[in-house]
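Trainee: Going down the list, the protein sequences come from chains U and E. Start counting the first sequence at 1; every next residue gets the next number (the numbering used here). Start counting the second sequence at 239; every next residue gets the next number (the numbering used here).
Protein chains: 2
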Amino acid sequence: MSASPLVRKLGALCLLSEEEIEFLEGLQNNTLNADRGRDFIVEGKDLRTTFIVIEGWAIRYSVLSNGRRQILSYALPGDILGLHVNFRATATYSASALTPLKLSVVDPRRVIEISQKFPIIAAGLSWCTAREFAILGDQAVRLGRLSARQRLAHLFLELWHRFALIGDNNGDWLEIPMTQQDLADTLGMSLVHTNRSLKSLRDIDLISVEKDHVRLNNVKALIEMSEFNPEHLSEFEI
Amino acid sequence: MSASPLVRKLGALCLLSEEEIEFLEGLQNNTLNADRGRDFIVEGKDLRTTFIVIEGWAIRYSVLSNGRRQILSYALPGDILGLHVNFRATATYSASALTPLKLSVVDPRRVIEISQKFPIIAAGLSWCTAREFAILGDQAVRLGRLSARQRLAHLFLELWHRFALIGDNNGDWLEIPMTQQDLADTLGMSLVHTNRSLKSLRDIDLISVEKDHVRLNNVKALIEMSEFNPEHLSEFEI
DNA sequence: CGAATTCTTGACCGGATTCAATTCTCGTGG
DNA sequence: CCACGAGAATTGAATCCGGTCAAGAATTCG
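(1) Can you check the stretch 142–194 of chain U for any beta strand (DSSP E) of at least 3 residues that lies completely inside it and give the ranges in chain order?
(2) Closer than 7 Å by C-beta to Ile-54(U): which residues in its own chain qualify, once you throw out the five before and the five after it? Chain order, please.
(3) Do you know how far the Cα of Glu-256(E) is from the Cα of Ile-71(U)?
(4) Starting from Ala-75(U), trace the beta strand (DSSP E) both ways and give me its first and last residue.
(5) Using beta-carbon positions only, say whether Leu-174(U) and Arg-142(U) come within less than 8 Å of one another.
(6) In chain U, which residues lie less than 9 Å from His-399(E) when you measure between Cβ atoms?
(7) Can you list, in chain order, the residues of its chain whose CB lies under 6 Å from that of Leu-421(E), leaving out five sequence neighbours each side?
(8) Examine chain U for any beta-carbon lying closer than 8 Å to the beta-carbon of Tyr-312(E), and answer yes or no.
(9) Who does Phe-325(E) pair with in a DSSP beta bridge?
(10) Along the chain, where does the beta strand (DSSP E) containing Ile-204(U) start, and where does it finish?
(11) Using the C-alpha atoms, what's the distance from Arg-383(E) back to Leu-206(U)?
(12) So with Cβ pairs under 8 Å, would you call Glu-351(E) a contact of chain U?
(13) Taking all protein chains shown into account, decide if Leu-460(E) is buried (16 or more other Cβ within 10 angstroms of its Cβ) or exposed.
(14) Between which two residues does the alpha helix (DSSP H) containing Ala-12(U) stretch?
(15) Count the other CB atoms, across all protein chains shown, that sit within 10 Å of the CB of Glu-448(E); report buried if there are 16 or more and exposed otherwise.
(16) Using a Cβ-Cβ distance cut-off of 8 Å, determine whether Leu-136(U) contacts chain E.
(17) Could you spell out the range, first to last residue, of the beta strand (DSSP E) harbouring Leu-270(E)?
(18) Exposed or buried, which one is Glu-237(U) when buried takes at least 16 other CB atoms within 10 Å?
(19) Going by beta carbon distance, what residues of the same chain come within less than 6 Å of Asp-172(U), once the five residues before and after it are set aside?
(20) Strictly below 8 Å CB to CB, what residues from chain E border Glu-231(U)?
(21) Which class does Ile-238(U) belong to by DSSP, given the choice of helix, strand or coil?
(22) Answer yes or no: does any C-beta atom of chain E fall closer than 8 Å to that of Phe-87(U)?
(23) Taking the straight line between their C-alpha atoms, what separation do you get for Met-463(E) and Val-7(U)?
(24) Rounded to the nearest angstrom, how far is the Cβ of Leu-251(E) from that of Gly-362(E), given a contact under 8 Å?
(25) DSSP three-state label for Lys-340(E), please.
(26) Find out if the Cβ-Cβ distance for the pair Thr-208(E), Arg-434(E) is shorter than 8 Å.
(27) Expressed to the nearest angstrom, what Euclidean distance is found between the alpha-carbon atoms of Arg-400(E) and Ser-311(E)?
(28) Taking Thr-367(E) as the query, report the chain U residues whose CB atoms sit under 7 Å from its CB, ordered along the chain.
(29) Let me know the secondary structure DSSP gives Ser-115(U) once reduced to three states.
(30) Inspect the beta-carbon positions of Leu-374(E) and Ala-140(U) and report whether they are closer than 8 Å.
(31) Hey, does Gly-188(U) have any beta-carbon neighbour from chain E nearer than 8 Å?
(32) Leaving out five residues before and five after Ile-352(E) in sequence, what residues of the same chain have Cβ atoms less than 6 Å from its Cβ?
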């Protein structure tokens, strides 16, 4: 049996001992499957659980009273949701399965245990937190200061680089399980304009699209035109 | 001498022991003053320091190659910058003093020390982290799904509620040390449109503006019209 | 008092939204 | 195997919110 995505992710950061790996794997043995569309965290409801994504995609989002939705971030295998729930009891966002999802359900008290017993893992989780902040910061830049086409390219590049870290990259092809409505709700645009902007990226041959997949035809040019900064996601280097 | 803002903030969450208070105050005795406009964190540069804001306002921001700037968040007294720097060595954002600023400079190794020796404080910092995430998530909602007037109202409400926690609220009046250009860069809008939107909020009497201050004339109506959710910032309740 | 920054207002333009209709895709059941 | 229907993608047309350019008024501060 191969290592869990979280172990692979942290293992790419620093050398984990047998004991640490065992602990991390043991953390994830209480699993839960969620169908596409199923909410497993609901804004305003009690949240006293930490989730680790094992397989599939999840979204974090918030819905306004007029029905408009803003997707805040995507959670991929190895990502953790609700890492800091000890005090705050009510969720400030919702989370749902974008694809069939396999989660592990973790008692947050075990997270506290980590900082006392496994300093290396604790440092790794701290790194994950910093990374989440960087990703969310990039999302704010996208929403605030980029044009429609730039937003799309920027988001694709983020996801592509994130997959690179968990070693799930498929060449230039990127899995895109979300609908155009999901994309629109991520990038703060309308469905129609999302469609048109995608088309215009295709027209200038920067991307190719096939069922549920996008091909980044010219990563360098995409980085250039979208002001994407790969450093924000690069893994730790000595 | 009165307690530091950080102690007041965490003290509002949970009862701190003498020892814990002493430790937190001791953490902040290495101070640094920065003039308005002075960058103390620079994107792309090495960052191995944790800062705690003692007095004044700071901004976290990112600048694109075309010169456009996106302000990500405001740091107020008691807020911590660079809490999770142990691994990631390069800053993914810049930070600068919006007003004359008094910071304390903390060795991040002392932050690690906390999780081992002061579990209550560690829990408090974890709560701070969750709160920062909620604030940044709200920023994404503002940028992605709110109209210009809504964004302004939403931001004012955020700041007003944040001041409430550190006990620095001045009735309905809110200190606004930033220029309209700063506001524009926060809310992803142009300077001109920021000015016009402010005027339209004044015209319908939701706010009043005076030098460096805004008065929220009708908090309830502002919350209503801007879709602001105070729960995201409310402190921990039993 | 004078220079520089900040704020305000006008005019015009364009990117993005909205409404609406059509086409495409794909899972399901006859 | 194909017809059907629901969701998803695409395209057109009209509109509008917000951006850009430009100029002037008001503050602030040395």
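We treat Cβ as the ideally placed atom computed from N, Cα and C, and that holds for glycine.
Mentor: Considering the structure as presented:
(1) 173–175
(2) Same-chain partners within the cutoff: Ser-4, Pro-5, Gln-28, Thr-31, Pro-77, Lys-102, Leu-103, Ser-104.
(3) 43 Å
(4) 69–75
(5) no
(6) Correct list: empty, because the minimum Cβ distance to chain U is about 13 Å.
(7) Around Leu-421(E): Thr-432.
(8) The beta carbon of Tyr-312(E) sits no closer than 8 Å to any beta carbon of chain U.
(9) Answer is none; Phe-325(E) lacks a bridge partner.
(10) Here Ile-204(U) belongs to no beta strand (DSSP E), and DSSP marks it neither H nor E.
(11) 27 Å
(12) Chain U contact via Cβ: absent.
(13) buried
(14) For Ala-12(U), the enclosing alpha helix (DSSP H) stretches over residues 5–13.
(15) exposed
(16) Residue contact with chain E for Leu-136(U): present (Cβ-Cβ distance below 8 Å to some residue of chain E).
(17) 269–272
(18) Residue confidence for Glu-237(U) is low, a pLDDT of 48 falling below 50, so the modelled location carries little weight and cannot support an answer.
(19) Taken in chain order, the residues that qualify are Arg-215, Leu-216.
(20) Residues of chain E passing the Cβ test: Gly-282, Thr-328, Thr-330.
(21) Any reading at Ile-238(U) needs caution, since the residue's pLDDT is 40, under 50, leaving its predicted position unreliable; the model's value is listed next. Ile-238(U): coil per DSSP, three-state reduction.
(22) yes
(23) Approximately 45 Å between the Cα atoms of the pair.
(24) Yes, Leu-251(E) and Gly-362(E) are in contact; Cβ-Cβ is about 6 Å, under 8 Å.
(25) strand
(26) What the structure shows of chain E is the stretch from 239 to 476, and residue 208(E) is not part of that stretch, so it cannot be assessed.
(27) The C-alpha of Arg-400(E) lies about 12 Å from the C-alpha of Ser-311(E).
(28) His-84, Thr-129
(29) helix
(30) yes
(31) Taking 8 Å as the threshold, the shortest C-beta distance from Gly-188(U) to chain E falls below it.
(32) Setting aside the 5 residues that flank it on each side, Ile-352(E) is surrounded in the same chain by Ile-359, Ala-360, each with a C-beta closer than 6 Å to its C-beta; the list follows chain order.
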